[in-house]
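Chains as they are written, first to last, in this note's numbering: chain A, 6 to 116; chain B, 6 to 116.
Report on the structure given below.
Number of protein chains: 2
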Amino acid sequence: MMQATLKALSEPNRLRIVDVLIDGPHSVGEIVIELEISQPLVSKHLSILSEAGLVEVHQVAQKRIYTLRAKPFKEMDSWLVSYRRLWGEKFNRLDKLLEEEKNKLEGGTKK
Amino acid sequence: MMQATLKALSEPNRLRIVDVLIDGPHSVGEIVIELEISQPLVSKHLSILSEAGLVEVHQVAQKRIYTLRAKPFKEMDSWLVSYRRLWGEKFNRLDKLLEEEKNKLEGGTKK
DNA sequence: CAGTTATATAACTAATAGTTTATATAAAAT
DNA sequence: ATTTTATATAAACTATTAGTTATATAACTG
Numbered sequence: 006m007m008q009a010t011l012k013a014l015s016e017p018n019r020l021r022i023v024d025v026l027i028d029g030p031h032s033v034g035e036i037v038i039e040l041e042i043s044q045p046l047v048s049k050h051l052s053i054l055s056e057a058g059l060v061e062v063h064q065v066a067q068k069r070i071y072t073l074r075a076k077p078f079k080e081m082d083s084w085l086v087s088y089r090r091l092w093g094e095k096f097n098r099l100d101k102l103l104e105e106e107k108n109k110l111e112g113g114t115k116k
Numbered sequence: 006m007m008q009a010t011l012k013a014l015s016e017p018n019r020l021r022i023v024d025v026l027i028d029g030p031h032s033v034g035e036i037v038i039e040l041e042i043s044q045p046l047v048s049k050h051l052s053i054l055s056e057a058g059l060v061e062v063h064q065v066a067q068k069r070i071y072t073l074r075a076k077p078f079k080e081m082d083s084w085l086v087s088y089r090r091l092w093g094e095k096f097n098r099l100d101k102l103l104e105e106e107k108n109k110l111e112g113g114t115k116k
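This is the structure:
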């Protein structure tokens, strides 16, 4: 779910991995070269991304080819829908609410 | 930037806070009641959300009213654009690539 | 002014998570 | 069969972070 996806992407190296994979499937070795971090670290991050459902693996000889899975990104997209009204439109309920709060006070205030 | 936003949202309670704030501005006390977690914890998470630019504060008497800021969500939306082609369309470069990899091998293989 | 309300902050603890180093495994090549 | 290539995994270490408790601060109330 959303929470797991966000957690998985919250780590810089994992975000970079995903960013590499958007250009298509890559082997572990290729990712190591791209990110310039150790192979075990890449493998570990890939396994976390895998458990979170962001990637899937296919084996070809000794190589493991990692690919992005669409689902979690689709979910993020749906999740964001609720937030779309934050922009574009006037979403200035804030001014309104601040006025309300102040009025509540003025009602019971000395001055 | 994207990284900071994802990190901020990767924590369950912070995601819940954001989820409360989408219904409009709320005071700290209101969030405490909604989430049923301690006030200092809510304050701490709010300050993290604030530093990440996800919320802004307005003071009314002793209350601090927190509001969502549109920008980071807008950024997430733009960021997701690159991933939209993952779904809907045929994005099966995987099959193609796996074939390629296998062919590379078969070229230099005994059997 | 004394008391109350609302929130922030600091000090600390406990849990989690990232990184490194060394080693295991499995397939391929020689 | 031995060596090489590609990747995973485990152990140990370090760093980061969530959560708690206690206290400070600032504004309002009576």
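Every residue, glycine too, gets a C-beta built ideally from N, C-alpha and C.
Query	Result
Residue burial classification, A:PRO30 (beta-carbon count within 10 angstroms, cutoff 16)	buried
Contact with chain B by A:LEU91, beta-carbon distance below 8 Å	yes
Outcome for B:VAL62 when other beta-carbon atoms lying within 10 angstroms are tallied against a minimum of 16	exposed
Run of the alpha helix (DSSP H) containing B:GLN44, from where it starts to where it stops	44-56
Straight-line Cα distance separating A:GLY58 from A:GLU41	24 Å
Own chain, CB closer than 7 Å to A:LEU26, minus 5 neighbours either side, in chain order	VAL60, TYR71, THR72 and LEU73
Which listed residue (B:SER15, B:LYS12 and B:SER48) has its alpha carbon closest to that of B:LYS68	B:SER48
C-alpha gap between A:ALA9 and B:SER87, whole angstroms	20 Å
Selection from A:TRP84, A:MET81 and A:LEU91 that minimises the alpha carbon distance to B:ALA75	A:LEU91
Where the beta strand (DSSP E) through A:LEU4 begins and ends	In the structure as shown, chain A starts at 6 and stops at 116, and residue 4 of chain A therefore has no counterpart that could be examined.
Residues near A:LYS12 in its chain [Cβ-Cβ closer than 8 Å; skip 5 each side]	ALA57
Proximal chain B residues relative to A:ALA57, where beta-carbon distance stays under 8 Å	Residues of chain B passing the Cβ test: none, with the nearest at roughly 11 Å.
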